[in-house]
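Engineer:
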Amino acid sequence: MDDLQNIRSSVIKLCERFPNEYWRELDRNSGYPDEFVQVLTDQGFLSVMIPEEYGGAGMGVEVAGVILEEISRSGGHPGAFHAQMYTMGTLLRHGSQEQKKQYLPEIAKGNLRLQAFGVTEPAAGSDTTSIRTFARREGDDYIVNGQKVWISRAEHSDLLLLLARTRAQSEVKSRTDGLSVFLVDLRQVKDNGLTIKPIETMMNHHTTELFFDDMKIPASSLVGEEHNGFRHILDGMNAERILIAFECIGDCRFFVETSSNYASNREVFGRPIGKNQGVQFPIARAYANMRAAELMTHKAAELFDNGEACGAEANMAKLLASEASWQAGDVCVQTHGGYGFAREYDIERKLRETRLYQVAPISTNLILSYISEHVLGMPRSY
Ligand SMILES: Cc1cc2nc3c(=O)[nH]c(=O)nc-3n(C[C@H](O)[C@H](O)[C@H](O)COP(=O)(O)OP(=O)(O)OC[C@H]3O[C@@H](n4cnc5c(N)ncnc54)[C@H](O)[C@@H]3O)c2cc1C
Numbered sequence: 035m036d037d038l039q040n041i042r043s044s045v046i047k048l049c050e051r052f053p054n055e056y057w058r059e060l061d062r063n064s065g066y067p068d069e070f071v072q073v074l075t076d077q078g079f080l081s082v083m084i085p086e087e088y089g090g091a092g093m094g095v096e097v098a099g100v101i102l103e104e105i106s107r108s109g110g111h112p113g114a115f116h117a118q119m120y121t122m123g124t125l126l127r128h129g130s131q132e133q134k135k136q137y138l139p140e141i142a143k144g145n146l147r148l149q150a151f152g153v154t155e156p157a158a159g160s161d162t163t164s165i166r167t168f169a170r171r172e173g174d175d176y177i178v179n180g181q182k183v184w185i186s187r188a189e190h191s192d193l194l195l196l197l198a199r200t201r202a203q204s205e206v207k208s209r210t211d212g213l214s215v216f217l218v219d220l221r222q223v224k225d226n227g228l229t230i231k232p233i234e235t236m237m238n239h240h241t242t243e244l245f246f247d248d249m250k251i252p253a254s255s256l257v258g259e260e261h262n263g264f265r266h267i268l269d270g271m272n273a274e275r276i277l278i279a280f281e282c283i284g285d286c287r288f289f290v291e292t293s294s295n296y297a298s299n300r301e302v303f304g305r306p307i308g309k310n311q312g313v314q315f316p317i318a319r320a321y322a323n324m325r326a327a328e329l330m331t332h333k334a335a336e337l338f339d340n341g342e343a344c345g346a347e348a349n350m351a352k353l354l355a356s357e358a359s360w361q362a363g364d365v366c367v368q369t370h371g372g373y374g375f376a377r378e379y380d381i382e383r384k385l386r387e388t389r390l391y392q393v394a395p396i397s398t399n400l401i402l403s404y405i406s407e408h409v410l411g412m413p414r415s416y
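Counting from 35, one number per residue, gives the positions in the sequence shown under our numbering.
Encoded structure:
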């Protein structure tokens, strides 16, 4: 607990150097927060999950989550770099000793960035096990062909954790078989089998399309067992859901604190608007929703960090936190009246940023479907 509190205090201090103007300017220019990422790396925050023997802090997803939460709460946007934390789930649990020795110390030092996670395809968004990108083994290499979409930060990363098919869908017994995970060194394949095309989005997210055209990667890029990659990325995906939930809690805190401050000070009809229960109650409800989501998020993180099954909790944490942050954002706009729409208040930016999390990395419907089938035992719907 003391550790968590100390980390919170250090992140709060760091974020004070990067006020809302910094993030607003990046949002306006679609810029990447290089300076922030550098400071975060130098102070060891981006490598908290890397084991100490490889130069990190050897801490868990809960600590990583609290870092992201405080960045979000300060008004920042961790979407630009959060993948470095969640991709660790797969690499640490399934990567070989050689891979860990080769990459983790360099990532911890900040010489390499592992910021890209390549799963989604145009014809396989929610339906991950239908991906078509194919990695064909040829001697000491794999030759990759296919296409990915919505792969964020590929232009700002040295490494990509890629999910590709290694056995045709028609040849697998279970739909989760036949997929493999690769750690791709983007520096070697950019414009040499890999083309990256940026996609403009409603928030500053640096997301891209990837086109693989006979992209050659060494066989040593394989992470874990061939054909068993779907199970390997589930660790990364659970970590991702938990970390995104922490980010949403941070967004909620930004919205609730901004709302209650404004409501206490803005005077209309000669008194603070916060004296009206019609203004107070939605803010109080947003706070209660945030606290409930926070409990589930810490529960999911504890389970993950203890190596226990956490699929249900990680999904529920993401569901509850992403809905709570959107509701809190809506309340924040309403509390501010017209000013909620002005860029300089940062509310509309934070609202755009937090909206993504009801769709990515997994949409709300798919989480409800998971709970219905896997937790409540109802019939499978797809
Ligand atoms: C800005 C951004 C960044 C992203 N970054 C990454 C990244 O770095 N790496 C990566 O791999 N992916 C990334 N994604 C992709 C993201 O994970 C997908 O968008 C998400 O999984 C949904 O897939 P889809 O967009 O194809 O929607 P679809 O699967 O087409 O779904 C569309 C809608 O239909 C609903 N739906 C579909 N099937 C069902 C069903 N059976 N029952 C009920 N509802 C259903 C969904 O809930 C959704 O609301 C990103 C997306 C965005 C927008």
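Yeah, the Cβ is synthetic: ideal placement off N, Cα and C, and Gly gets one too. Quantities reported herein were computed from a predicted structural model and do not represent experimental measurements.
Could you name the residues that DSSP lists as bridge partners for residue 198?
Structural biologist: Walking along the sequence shown from the start, residue 198 turns up at place 164. Residue 198 pairs with 214.
Engineer: Mind checking whether the beta-carbon of residue 52 lies closer than 8 Å to any heavy atom of ligand 1?
Structural biologist: Residue numbering aside, residue 52 sits at position 18 when the sequence shown is read from its first letter. For ligand 1, not one heavy atom lies less than 8 Å from the Cβ of residue 52.
Engineer: Where do the N-terminal and C-terminal ends of the alpha helix (DSSP H) with residue 398 fall, by residue?
Structural biologist: Start at 1 with the first residue of the sequence shown, and residue 398 comes out as number 364. Where residue 398 is concerned, the enclosing alpha helix (DSSP H) starts and stops at 398-404.
Engineer: For ligand 1, I want to know if residue 182 counts as a neighbour, meaning its beta carbon is within less than 8 Å of at least one of the ligand's heavy atoms.
Structural biologist: The sequence position of residue 182 within the sequence shown is 148, counting from 1. Indeed, a heavy atom of ligand 1 lies less than 8 Å from the Cβ.
Engineer: Just list the beta strand (DSSP E) runs in the segment 227-288, keeping only unbroken ones of 3 residues or longer that don't cross its boundaries, in chain order.
Structural biologist: 228-233 and 241-252
Engineer: Quick one: is residue 89 near chain C, going by C-beta distance under 9 Å?
Structural biologist: Structure shown: chain C not included; a single protein chain is present.
Engineer: Could you tell me which uninterrupted alpha helix (DSSP H) segments, each at least 4 residues in length, are contained entirely in the segment 328-371, listed from first to last along the chain?
Structural biologist: 345-370
Engineer: Return the CA-CA distance between residue 125 and residue 351, expressed in angstroms with no decimal places.
Structural biologist: As a working note, residue 125 is residue 91 in the sequence shown. As a working note, residue 351 is residue 317 in the sequence shown. Answer to the nearest angstrom: the Cα atoms are 23 Å apart.
Engineer: What residues in its chain sit with their C-beta under 8 Å from that of residue 285, if we drop five residues either side in the sequence?
Structural biologist: Residue 285 sits at position 251 when you count from the first residue of the sequence shown. Counting only Cβ-Cβ distances below 8 Å, and skipping sequence neighbours, we find 106, 107, 359, 362, 363, 384, 387 and 388.
Engineer: When the Cβ atoms of the segment 129-147 are set against those of the segment 311-325, are three or more pairs found closer than 8 Å?
Structural biologist: no
Engineer: Closest by CA to residue 253, which one among 325, 169, 303 and 152?
Structural biologist: Position 219 of the sequence shown, counting from 1, holds the residue named residue 253. Out of 325, 169, 303 and 152, 169 has the C-alpha closest to the C-alpha of residue 253.
Engineer: Quick check: is any heavy atom of ligand 1 less than 8 Å from the C-beta of residue 393?
Structural biologist: Residue numbering aside, residue 393 sits at position 359 when the sequence shown is read from its first letter. Distances between the C-beta of residue 393 and the heavy atoms of ligand 1 include at least one below 8 Å.
Engineer: Tell me whether the segment 298-311 and the segment 47-64 touch, counting them as touching only if at least three CB pairs, one residue from each stretch, are closer than 8 Å.
Structural biologist: no
Engineer: If the criterion is Cβ atoms closer than 9 Å, does the pair residue 201 and residue 163 meet it?
Structural biologist: Within the sequence shown, the letter at position 167 stands for residue 201. Within the sequence shown, the letter at position 129 stands for residue 163. Cβ atoms of residue 201 and residue 163: not closer than 9 Å.
Engineer: Comparing the CB of residue 409 with every heavy atom of ligand 1, is any distance shorter than 8 Å?
Structural biologist: As a position in the sequence shown, residue 409 is number 375, starting the count at 1. No.
Engineer: Please classify residue 224: does DSSP put it in a helix, a strand, or coil?
Structural biologist: Counted from its first residue, the sequence shown places residue 224 at position 190. In this structure, residue 224 counts as strand in the three-state DSSP scheme.
Engineer: Rounded to the nearest angstrom, how far is the Cβ of residue 110 from that of residue 57, given a contact under 8 Å?
Structural biologist: On the sequence shown, residue 110 is found 76 positions in, with the first residue counted as 1. On the sequence shown, residue 57 is found 23 positions in, with the first residue counted as 1. Their Cβ separation, rounded to whole angstroms, is 6 Å, which keeps residue 110 and residue 57 in contact under 8 Å.
Engineer: Do residue 195 and residue 217 have their CB atoms nearer than 9 Å?
Structural biologist: Numbered from its first residue, the sequence shown carries residue 195 at position 161. Numbered from its first residue, the sequence shown carries residue 217 at position 183. Yes; because the gap between Cβ atoms is below 9 Å, this pair is in contact.
Engineer: Is any non-hydrogen atom of ligand 1 found closer than 8 Å to the C-beta of residue 161, if you look at the structure I gave you?
Structural biologist: Along the sequence shown, read from residue 1 onward, the residue named residue 161 stands at position 127. Yes, the beta carbon of residue 161 sits closer than 8 Å to at least one heavy atom of ligand 1.
Engineer: Measure the alpha-carbon distance for residue 283 versus residue 326 and round it to whole angstroms.
Structural biologist: For this step, residue 283 is matched to residue 249 along the sequence shown. For this step, residue 326 is matched to residue 292 along the sequence shown. About 10 Å.
Engineer: According to DSSP, simplified to helix, strand and coil, what is residue 85?
Structural biologist: The residue labelled residue 85 in the question sits at position 51 within the sequence shown. Three-state DSSP puts residue 85 in coil, outside helix and strand.
Engineer: Could you give the C-beta distance for residue 102 and residue 281, rounded to a whole number, given that I count them as a contact under 8 Å?
Structural biologist: Position 68 of the sequence shown holds residue 102. Position 247 of the sequence shown holds residue 281. About 5 Å separates the two Cβ atoms, so the contact holds.
Engineer: According to DSSP, which residues form a beta bridge with residue 416?
Structural biologist: Working through the sequence shown from its first residue, we reach residue 416 at position 382. For residue 416, which the question treats as bridged, DSSP gives no partner whatsoever.
Engineer: Considering Cα atoms alone, identify which of 416, 235 and 379 is closest to residue 390.
Structural biologist: One-based indexing of the sequence shown puts residue 390 at position 356. The alpha carbon of residue 390 has as its nearest neighbour, out of 416, 235 and 379, the alpha carbon of 235.
Engineer: My understanding is that residue 146 touches residue 193, with C-beta atoms under 8 Å, so please give their C-beta distance in whole angstroms.
Structural biologist: Locating residue 146 in the sequence shown gives position 112, counting from the first residue. Locating residue 193 in the sequence shown gives position 159, counting from the first residue. With 8 Å as the limit, residue 146 and residue 193 qualify as a contact, their Cβ atoms being about 6 Å apart.
Engineer: Within its chain, find whatever has a CB closer than 6 Å to the CB of residue 130; leave out the 5 residues flanking it on each side and keep chain order.
Structural biologist: Indexing the sequence shown from 1 puts residue 130 at position 96. Cβ within range, chain order: n/a, list empty.
Engineer: Measuring alpha carbon to alpha carbon, tell me which residue in 308, 116 and 256 is nearest residue 371.
Structural biologist: Counting from one through the sequence shown, the residue named residue 371 turns up at place 337. Nearest neighbour of residue 371 by Cα position, chosen from 308, 116 and 256, turns out to be 308.
Engineer: Where does residue 179 sit, in a helix, a strand or coil, going by DSSP?
Structural biologist: Within the sequence shown, residue 179 is the residue found at index 145, counting from 1. Residue 179 falls in the strand class under three-state DSSP.
Engineer: Does the segment 216-230 come close enough to the segment 241-261 to have 3 or more Cβ pairs within less than 8 Å?
Structural biologist: Yes: at least three Cβ pairs fall under 8 Å.
Engineer: With hydrogens ignored, establish whether the beta-carbon of residue 64 is closer than 8 Å to any heavy atom of ligand 1.
Structural biologist: Taking the first residue of the sequence shown as position 1, residue 64 is located at position 30. No, the Cβ of residue 64 stays beyond 8 Å of every heavy atom of ligand 1.
Engineer: Please classify residue 174: does DSSP put it in a helix, a strand, or coil?
Structural biologist: Translated into the one-based positions of the sequence shown, residue 174 becomes position 140. Here residue 174 sits in coil by DSSP.
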